[in-house]
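As they're listed, the protein sequences go chains A and B.
Counting from 1, one number per residue, gives the positions in the first sequence under my numbering.
Counting from 111, one number per residue, gives the positions in the second sequence under my numbering.
Backbone N, C-alpha and C fix where the C-beta goes; we use that ideal spot for every residue, glycine too.
Small disclaimer: the values here were computed from a predicted structure and weren't measured.
One structure below.
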Amino acid sequence: GQNIDQPTEMTATEGAIVQINCTYQTSGFNGLFWYQQHAGEAPTFLSYNVLDGLEEKGRFSSFLSRSKGYSYLLLKELQMKDSASYLCAVRTGADYKLSFGAGTTVTVRA
Amino acid sequence: DSGVTQTPKHLITATGQRVTLRCSPRSGDLSVYWYQQSLDQGLQFLIQYYNGEERAKGNILERFSAQQFPDLHSELNLSSLELGDSALYFCASSERDAYEQYFGPGTRLTVT
Chain A
1 GQNIDQPTEM TATEGAIVQI NCTYQTSGFN GLFWYQQHAG EAPTFLSYNV
51 LDGLEEKGRF SSFLSRSKGY SYLLLKELQM KDSASYLCAV RTGADYKLSF
101 GAGTTVTVRA
Chain B
111 DSGVTQTPKH LITATGQRVT LRCSPRSGDL SVYWYQQSLD QGLQFLIQYY
161 NGEERAKGNI LERFSAQQFP DLHSELNLSS LELGDSALYF CASSERDAYE
211 QYFGPGTRLT VT
């Protein structure tokens, strides 16, 4: 199976930056995803990395280092609506199956 | 709105019973995935279908089964239900060879 680790909780102030780290151990790596999930709602896609480097998408950026089995999601200019769980997920093989980490609950305070 | 629909939204049933959860993927998506999310287990992949055929299997119990029909909608059947089966069940869909999975709103199953 896959071993995916991310912190359980993080707290930050509105307007600040938060970095959520994710480490993984897997075989047949075929991409890393970040999803946002508000309580009781469906996960929504944030970003996808398959090659090393930084992908920027507005206030959200995601980084991948395949050699280190490491990714981070960077949330800038935090807003109250960013309070949610952030799920790191790894795809393996050609079947597009996703294995999810337990999620990081981010709380944004005024 | 992701375009993926799931019914019912909520389901309350007793132990030992059998239920069927339904999912309609986004228009044009051939792949359907089922996930279970409980408080202590997080989001767990159950099974994937592609154009009617089983493609990948995760941590799906033998009491659970699924299928994808010719019109591409999918059903997840849960039988001999136990208290521990109480969870949110999500369906997701994706295009062939696309990387993004679109999640439906989920079905909240409560087993009493």
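Which of helix, strand or coil DSSP assigns to residue i
{"i": "Gly69/A", "result": "coil"}
{"i": "Lys116/A", "result": "Here chain A covers residues 1 to 110 and nothing more, so residue 116/A does not appear."}
{"i": "Gly126/B", "result": "coil"}
{"i": "Lys119/B", "result": "coil"}
{"i": "Asp5/A", "result": "strand"}
{"i": "Leu32/A", "result": "strand"}
{"i": "Gln193/B", "result": "For the record, residue 193/B in the displayed sequence is Leu; it is not Gln. Helix, per DSSP."}
{"i": "Lys81/A", "result": "helix"}
{"i": "Gln268/B", "result": "Nothing about residue 268/B can be reported from this structure: the residues present for chain B run from 111 to 222 only."}
{"i": "Ala12/A", "result": "strand"}
{"i": "Phe63/A", "result": "strand"}
{"i": "Ala89/A", "result": "strand"}
{"i": "Ile17/A", "result": "coil"}
{"i": "Glu223/B", "result": "The first residue shown for chain B is 111 and the last is 222, placing residue 223/B beyond what the model contains."}
{"i": "Val50/A", "result": "coil"}
C-beta contact flag for residue i and residue j at 8 Å
{"i": "Val114/B", "j": "Ser134/B", "result": "yes"}
{"i": "Leu188/B", "j": "Val129/B", "result": "yes"}
{"i": "Arg91/A", "j": "Asn30/A", "result": "yes"}
{"i": "Arg66/A", "j": "Asp82/A", "result": "no"}
{"i": "Tyr24/A", "j": "Gly69/A", "result": "yes"}
{"i": "Val85/A", "j": "Phe155/B", "result": "The sequence shown places Ser at residue 85/A, not Val. No."}
{"i": "Thr104/A", "j": "Ile17/A", "result": "no"}
{"i": "Ala197/B", "j": "Leu186/B", "result": "no"}
{"i": "Leu182/B", "j": "Leu140/B", "result": "yes"}
{"i": "Leu191/B", "j": "Thr125/B", "result": "yes"}
Spatial neighbours of residue i in its chain, beta-carbon cut-off 7 Å, leaving aside the 5 residues before and after
{"i": "Tyr35/A", "result": "Pro43, Thr44, Phe45, Leu46, Leu87 and Ala89"}
{"i": "Gln127/B", "result": "Leu191"}
Contact with chain B by residue i, beta-carbon distance below 8 Å
{"i": "Ala39/A", "result": "no"}
{"i": "Ser71/A", "result": "no"}
{"i": "Leu87/A", "result": "yes"}
{"i": "Ser99/A", "result": "yes"}
Test: residue i CB closer than 8 Å to a CB of chain A
{"i": "Gly216/B", "result": "yes"}
{"i": "Gln177/B", "result": "no"}
Any C-beta of chain D under 8 Å from that of residue i
{"i": "Pro43/A", "result": "The chain inventory of the structure shown lacks chain D, comprising the protein chains A and B."}
Sequence-distant residues of its chain with Cβ nearer than 8 Å to residue i (five each side left out)
{"i": "Thr107/A", "result": "Glu9, Met10, Thr11, Ala12 and Ser83"}
{"i": "Gly28/A", "result": "Thr92 and Gly93"}
Beta-carbon proximity list for residue i, same chain, < 6 Å, skipping 5 on both sides
{"i": "Gln158/B", "result": "Tyr143, Arg165 and Ala166"}
{"i": "Arg173/B", "result": "Ser189 and Ser190"}
Review point. Unbroken alpha helix (DSSP H) runs of length 4 or more, entirely within the region 128–175 of chain B: which are they?
Key: none
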